[in-house]
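Engineer:
There are 2 protein chains.
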Amino acid sequence: MTTEVKKRNVLYAQSGGVTAVINASACGVIETARKHKEAFGKIFAGENGILGVLNERLIDTSFEPTDVIAGLRHTPAGAFGSCRFKMGSPIEKPALYQRLLEVFKAHNIGYFFYNGGGDSQDTTNQLAKYCEQNNFPLTCIGIPKTIDNDLPITDSCPGFGSVAKYVATSIMETSLDVASMAKTSTKVFILEVMGRHAGWIAASGALAARKAGDPPHIILFPERPFLKSEFTRRVKECVDLYGFCSIVVSEGIRNEKGNFVSEQGIKDAFGHAQLGGVAPYMAEIIRSETGFKYHWAVADYLQRSARHIASRTDVEHAYEVGAAAVSYAKSGKNAVMPIIVRTQDYPYRWTIGETDLSKVANVEKTLPTDYISHDGFGVTEDCIQYLRPLISGEDYPPYVDGVPNYVSLKKQFAPRKLTDDFAID
Amino acid sequence: MTTEVKKRNVLYAQSGGVTAVINASACGVIETARKHKEAFGKIFAGENGILGVLNERLIDTSFEPTDVIAGLRHTPAGAFGSCRFKMGSPIEKPALYQRLLEVFKAHNIGYFFYNGGGDSQDTTNQLAKYCEQNNFPLTCIGIPKTIDNDLPITDSCPGFGSVAKYVATSIMETSLDVASMAKTSTKVFILEVMGRHAGWIAASGALAARKAGDPPHIILFPERPFLKSEFTRRVKECVDLYGFCSIVVSEGIRNEKGNFVSEQGIKDAFGHAQLGGVAPYMAEIIRSETGFKYHWAVADYLQRSARHIASRTDVEHAYEVGAAAVSYAKSGKNAVMPIIVRTQDYPYRWTIGETDLSKVANVEKTLPTDYISHDGFGVTEDCIQYLRPLISGEDYPPYVDGVPNYVSLKKQFAPRKLTDDFAID
Chain W
0 MTTEVKKRNV LYAQSGGVTA VINASACGVI ETARKHKEAF GKIFAGENGI
50 LGVLNERLID TSFEPTDVIA GLRHTPAGAF GSCRFKMGSP IEKPALYQRL
100 LEVFKAHNIG YFFYNGGGDS QDTTNQLAKY CEQNNFPLTC IGIPKTIDND
150 LPITDSCPGF GSVAKYVATS IMETSLDVAS MAKTSTKVFI LEVMGRHAGW
200 IAASGALAAR KAGDPPHIIL FPERPFLKSE FTRRVKECVD LYGFCSIVVS
250 EGIRNEKGNF VSEQGIKDAF GHAQLGGVAP YMAEIIRSET GFKYHWAVAD
300 YLQRSARHIA SRTDVEHAYE VGAAAVSYAK SGKNAVMPII VRTQDYPYRW
350 TIGETDLSKV ANVEKTLPTD YISHDGFGVT EDCIQYLRPL ISGEDYPPYV
400 DGVPNYVSLK KQFAPRKLTD DFAID
Chain C
0 MTTEVKKRNV LYAQSGGVTA VINASACGVI ETARKHKEAF GKIFAGENGI
50 LGVLNERLID TSFEPTDVIA GLRHTPAGAF GSCRFKMGSP IEKPALYQRL
100 LEVFKAHNIG YFFYNGGGDS QDTTNQLAKY CEQNNFPLTC IGIPKTIDND
150 LPITDSCPGF GSVAKYVATS IMETSLDVAS MAKTSTKVFI LEVMGRHAGW
200 IAASGALAAR KAGDPPHIIL FPERPFLKSE FTRRVKECVD LYGFCSIVVS
250 EGIRNEKGNF VSEQGIKDAF GHAQLGGVAP YMAEIIRSET GFKYHWAVAD
300 YLQRSARHIA SRTDVEHAYE VGAAAVSYAK SGKNAVMPII VRTQDYPYRW
350 TIGETDLSKV ANVEKTLPTD YISHDGFGVT EDCIQYLRPL ISGEDYPPYV
400 DGVPNYVSLK KQFAPRKLTD DFAID
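Heads up: the protein sequence lines correspond to chains W and C, in order. If you count the first sequence from 1, position 157 lands on 156 in numbering that gives the first Met the number 0, and the numbers rise without skipping. If you count the second sequence from 1, position 165 lands on 164 in numbering that gives the first Met the number 0, and the numbers rise without skipping.
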C-alpha cells in the first residue's frame, strides 16, 4: 500500500435566499476546479445547501456535462437547492459541527466553498476554526451572495446588481404606463420591493430617472420612519406637478415606533394580521387620504429570479468570485472570502480582492445617510454614482420556444459512506 | 382661388389600457402614412386618446424626428396618452359626436385610426355611421389592441403575446426560486395576473412547462368557479409530488355564486373591503388550510408594460396592423379593422386580414372549454399549440446606462381652430 496522498475533494453549497446569479458563482467554482485536476479531486455540491451535507446528500457534479455546467451561468435560483437553516456556533450546536466533520472525512473533502450572505459567512468562519481546533485540514472559503447588498467590505454583493436592474427597468416601464392612463384613470402606482433591513433595492428604483422630475417620484426606505402625513402630502404634490405619482416602497419600512408597516392594519376575513404586502397598505392610504385611483404591484420573487434581465456586470461579479474562491483554495488560503473592489466609477472598473471571513460576519451594511435625499423620498447623486455601474450591461439567456432555456441538473448522488441516518434537531 | 382638393389629414388615437406594444402600432401608422405624402396630409394624434380630440388637443407628429418615431416600436405604454372614457352611441351622447365632427372639419381630418379594444372599435364603428349620415367623408379604421386577447375574429390581439411571454418567463423563474427554497422554507408560490373576464393571460403561464409535472402546477381561470376545498387538496398533492406548488391565478376568478374572489374577505384596518389582490387572499387560504410557507407576487402593470421581454411576434403583429390600417385607408376602405390571420401553427405563419368593425363590437372571446384541462387546473395541448407561437422571438429594446432607452415625444400641439372650450359631461 502506497502512502501517496489522495487528491482531496471539493464541496460547494448554496445558502439562504437565492438570486438570479448565484448559479453563475457555482459555474465559476466548478469550471475553475475542473481546470485544475492536478489540485482537486471530485467536485460535490450539497443538496439544499448545508442540509445536504449534514444528511450526506452530496451531488456528484462529475455527472453533469460541460454544457450544463456552462448553462448555470445563465440559470437563476439555486440549481443544487438552498436552505434556511441556522447552524449556530460549535458551542451551541456541537453535534452539527461534529457531523459535518464526519461527512468531510468520509468523502475526503479538503475544500469547502460556502455561497451565501452574512450568516453563512459566519458559519464558514466558525467551521474553519472548528476544523483547525480538531486538526482536520479543511480549506474554508466564503463566496458572497445576497440581493440585499448588505455585506460589509465588498463594494457590492453578487445578486444585487440584477435586482437593481430589474427594479429600475420595472418602475420605468410601469411609470410610462401610469403616465398614459393618468388623465382619466390611475394616478398613483406603488411597486413593493424587497430589502427588509436595508434600502439598497428600493434605492435602485432611482436609476430609472434620467432627469429631475422623472419617475419614481417617491422612494420609501427602511432606514427612514414612515410618516403618513408627509407621504400623502408628497403624493398630492407629485400628482399636481407631474400628473401622476410613481412610488417604490421597501417591504421593510417601519413606522415611528419601529414596527414594520407591513404588519399593521391589514387583516383578513378571519381577523388575522396579513403579513407581507406593504403595497396594499399604501394603496389603502392613497384611497382614503387622496381619493386618487391607484394600482399596486408586489414584485416578491419576481425580482430576485429575473435572470432574463440580469445585469451583465452582476453576472461577471458572481462568476469571478466563484472562480477566485477556487484560486484562493488552490494557493493555500483559508477562512477568506473574495470581494468586489471598485477601482473606478466611470468607466466602471473593478477587480477581485479578498477579506478575512471574521470581518464579514455579523456586520450589516445599510444605506449611508448621505445616500438618501434631504426630504427622505429619494437618493443623492453620490448614491446614483455608486449604483449606476452595478446594473450596467445585459446578459440575456438563450431562449427556446419563446421562454428562457434554463438548465437543470441530473443530481446524481455520491454513494453514502456513513451508515447512520443523522437526525437534525 | 383654385378648387384643388387639399390633401386630408390623419388622426390617430390610443384608447383604454395600454400595452407593451401599442406604440409599435402607432409606429406602423405614422411610418406608413409618412411614406405616402401623396395621399395623406399632416399626421395628428389625440392627446390622451379621444379626450384630446374632444378637447382639440391634437399632437402634430410632424415635429417628431424619424428616429423618435422609429423608437416608438420599442417603447411601451401609450406615448400619446390614452384614456378610459365611454363615448356611448350618437343617440346617447349626440353632443360628443357633434363635437368630434367639428374638430375633424376644423383640422381637415379625413382619416381616423382608433387603436383600442372592443369598446373602442364599437365607437369607431358608430362614428363611421354617424359621419356617413351627416355627409362628412371620414375614413374610420380600427386597430386592434388588448392584453386580454378577447377580441373576436382576429386570431390573437396585439399586446397579448408580450404579456403571455412575461407571465410564462416569470412563473418559470419564480418556480426555480421556490424549488430551491422548498426544503426548509417557501413551498407555495402564487403569481396573480390580469384578465378580469378571460383566462388567456393565466393560461399563458402553462408555456413555462416543458414536460409533465413542470411548474406551474395550478392555474386558476375566471372561466371556472373557484372551489376552495378542491384547490387546497390539489396544493397538498403538488407539494407531496413535487416538493413545492407553483400557482398562477387570474385576478378575475369568481366563487360559485359568481362574485369576484378578490372582493371577498380581505378588509383593511378601517373595515373597508380591499379591492384587487386575489394573491394575498389565496395566500391566506394556504396559511390556514395547509400551514405551508408561501410567497406571493402581484404582477399588475409590470406584466403589461414589460417591453424589455416583449414577444417579437407580438411586436411584428402590432406594427403590421398599424401599417395595414393606413394601407386600407389609402385604398378607400372604411369601417374595417386589420386582423391577425394564422395560416400555420408550426412553423408559425401569419398574415394580415380584415374584418368589418360591426363584427368586432361587443363580442368577448373567452378561453374555449376545450382549452382548459379536465380538472380545471391547467390547459390542454390544443391551448399550448395555439399560445406557443404568440410568445415566439425576442425583441430587446436598446439600453443606455443599464436601463432601456425608451423614447419620449415633444408633443407639439396643432394650433387651435375652435374658439369655444368644450365641456365634457
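Beta carbons are placed, not taken as given, at the ideal position from N, Cα and C, and that holds for glycine.
For Pro143 (chain W), which of helix, strand or coil comes out of DSSP?
Structural biologist: Reduced to three states, the DSSP call for Pro143 (chain W) is strand.
Engineer: Check whether chain C comes within 8 Å of Lys410 (chain W), counting only Cβ atoms and requiring the distance to be less than that.
Structural biologist: So, not an interface residue.
Engineer: From Val234 (chain W) to Val9 (chain C), what does the alpha carbon distance come to, in whole angstroms?
Structural biologist: When rounded, the distance between both Cα atoms is 38 Å.
Engineer: Mind checking the region 287-306 of chain W against chain C and listing, in chain order, the residues whose C-beta falls within less than 8 Å of any C-beta there?
Structural biologist: So the close ones are Ser287, His294, Trp295, Ala296, Val297, Ala298, Asp299, Tyr300, Leu301, Arg303, Ser304, Ala305, Arg306.
Engineer: Please tell me whether Leu137 (chain W) and Phe112 (chain W) are closer than 8 Å, where the distance is taken between their beta carbons.
Structural biologist: No.
Engineer: Provide the residue span of the beta strand (DSSP E) that contains Ser249 (chain W), from first to last.
Structural biologist: Looking at the DSSP string, the run of the beta strand (DSSP E) that includes Ser249 (chain W) is 244-249.
Engineer: For the alpha helix (DSSP H) that contains Ile339 (chain C), what are its first and last residues?
Structural biologist: Not the alpha helix (DSSP H): Ile339 (chain C) falls in the beta strand (DSSP E), residues 335-343.
Engineer: If we cut at 8 Å on Cβ distances, does Glu250 (chain W) have a partner in chain C?
Structural biologist: No, Glu250 (chain W) does not count as interfacial toward chain C.
Engineer: Just the Cα atoms here: how many angstroms apart are Thr1 (chain W) and Phe79 (chain W)?
Structural biologist: Unreliable positioning characterises Thr1 (chain W) in this predicted model, as indicated by a pLDDT of 47, which lies under 50. A coordinate reading is not provided.
Engineer: Buried or exposed for Pro279 (chain C), please, with buried defined as at least 16 other CB atoms from any protein chain shown within 10 angstroms of its CB.
Structural biologist: With 16 or more other Cβ atoms within 10 Å, it is buried.
Engineer: Using a beta-carbon distance below 8 Å, is Ser261 (chain C) in contact with chain W?
Structural biologist: For Ser261 (chain C), the answer is no, since every Cβ of chain W falls outside 8 Å of its Cβ.
Engineer: When the Cα atoms are used, what is the spatial distance from Ala322 (chain C) to Leu190 (chain W)?
Structural biologist: In a straight line, the C-alpha of Ala322 (chain C) is about 35 Å away from that of Leu190 (chain W).
Engineer: Quick one: list the residues of chain C neighbouring Asp355 (chain W), beta-carbon separation under 9 Å, in chain order.
Structural biologist: Those do not exist, as Asp355 (chain W) stays about 29 Å from chain C at its closest Cβ, beyond 9 Å.
Engineer: Using the Cα positions of Thr354 (chain W) and Val335 (chain W), report the straight-line distance between them to the nearest angstrom.
Structural biologist: Using only the alpha carbons, I get a separation of about 5 Å.
Engineer: Answer yes or no: does any C-beta atom of chain W fall closer than 8 Å to that of Glu3 (chain C)?
Structural biologist: A caution first: Glu3 (chain C) carries a pLDDT of 49, below 50, which makes its placement in the model unreliable, though a value can still be read off. It does not; no Cβ of chain W falls within 8 Å.
Engineer: Nearest chain W C-beta to Val20 (chain C) closer than 8 Å, yes or no?
Structural biologist: Not one chain W Cβ lies under 8 Å of Val20 (chain C).
Engineer: Is the CB of Ala178 (chain W) under 8 Å away from at least one CB in chain C?
Structural biologist: Yes, Ala178 (chain W) lies at the interface with chain C (some Cβ there is under 8 Å from its Cβ).
Engineer: Please report how far the alpha carbon of Ser287 (chain W) lies from the alpha carbon of Asn54 (chain C), in whole angstroms.
Structural biologist: Using only the alpha carbons, I get a separation of about 31 Å.
Engineer: Answer with buried or exposed for Ala19 (chain C), where buried requires no fewer than 16 other C-beta atoms within 10 angstroms of its C-beta.
Structural biologist: Ala19 (chain C) comes out buried.
Engineer: Would you say Gln302 (chain W) and Val162 (chain W) are within 8 Å of each other, going by their C-beta atoms?
Structural biologist: Contact flag set, yes.
Engineer: Rounded to the nearest angstrom, how far is the Cβ of Lys332 (chain W) from that of Glu63 (chain W), given a contact under 8 Å?
Structural biologist: That pair is no contact at about 27 Å.
Engineer: Could you give the residue range of the beta strand (DSSP E) that holds Ile58 (chain C)?
Structural biologist: Residues 57-59.
Engineer: Let me know the secondary structure DSSP gives Thr138 (chain W) once reduced to three states.
Structural biologist: Strand, per DSSP.
Engineer: Counting contacts by CB-CB distance shorter than 8 Å, is Ala69 (chain C) in contact with chain W?
Structural biologist: Not one chain W Cβ lies under 8 Å of Ala69 (chain C).
Engineer: Taking Cβ to Cβ, would you say Arg223 (chain W) is nearer than 8 Å to Ile371 (chain W)?
Structural biologist: Cβ atoms of Arg223 (chain W) and Ile371 (chain W): closer than 8 Å.
Engineer: Which residues in the same chain have their Cβ closer than 7 Å to the Cβ of Arg415 (chain C), if we skip the five residues on either side of it in sequence?
Structural biologist: The residues are Glu55.
Engineer: So is Arg348 (chain C) buried or exposed if we call it buried at 16+ other beta carbons inside 10 Å?
Structural biologist: It counts as exposed.
Engineer: Between which two residues does the beta strand (DSSP E) containing Gln13 (chain W) stretch?
Structural biologist: Gln13 (chain W) -> beta strand (DSSP E) spans 8-13.
Engineer: Can you tell me which of the three DSSP states Ser326 (chain C) falls into?
Structural biologist: Three-state result, Ser326 (chain C): helix.
Engineer: Determine, using beta-carbon pairs with one atom in the region 166-173 of chain C and one in the region 351-369 of chain C, whether at least three such pairs fall under 8 Å.
Structural biologist: Output reads no: the region 351-369 of chain C does not touch the region 166-173 of chain C.
Engineer: Give me the DSSP bridge partner(s) of Gly115 (chain W).
Structural biologist: DSSP, once it has assigned bridges, lists W:Pro143 as partnering Gly115 (chain W).
Engineer: Could you tell me whether the Cβ of Thr379 (chain C) comes closer than 8 Å to any Cβ of chain W?
Structural biologist: No, because no Cβ of chain W sits closer than 8 Å to the Cβ of Thr379 (chain C).
Engineer: Spell out whether any CB of chain W is found under 8 Å from the CB atom of Arg83 (chain C).
Structural biologist: Output row for Arg83 (chain C): interface = yes.
Engineer: Anyone know if the C-beta pair for Gly116 (chain C) and Leu150 (chain C) falls short of 8 Å?
Structural biologist: Yes, these two residues count as a Cβ contact at 8 Å.
Engineer: Please look up how many angstroms separate the CB atoms of Ala202 (chain C) and Leu366 (chain C), rounded, as I've assumed it's under 8 Å.
Structural biologist: Yes, Ala202 (chain C) and Leu366 (chain C) are in contact; Cβ-Cβ is about 6 Å, under 8 Å.
Engineer: Thinking C-beta only, is Val378 (chain W) closer than 8 Å to Ile246 (chain W)?
Structural biologist: No, these two residues do not count as a Cβ contact at 8 Å.
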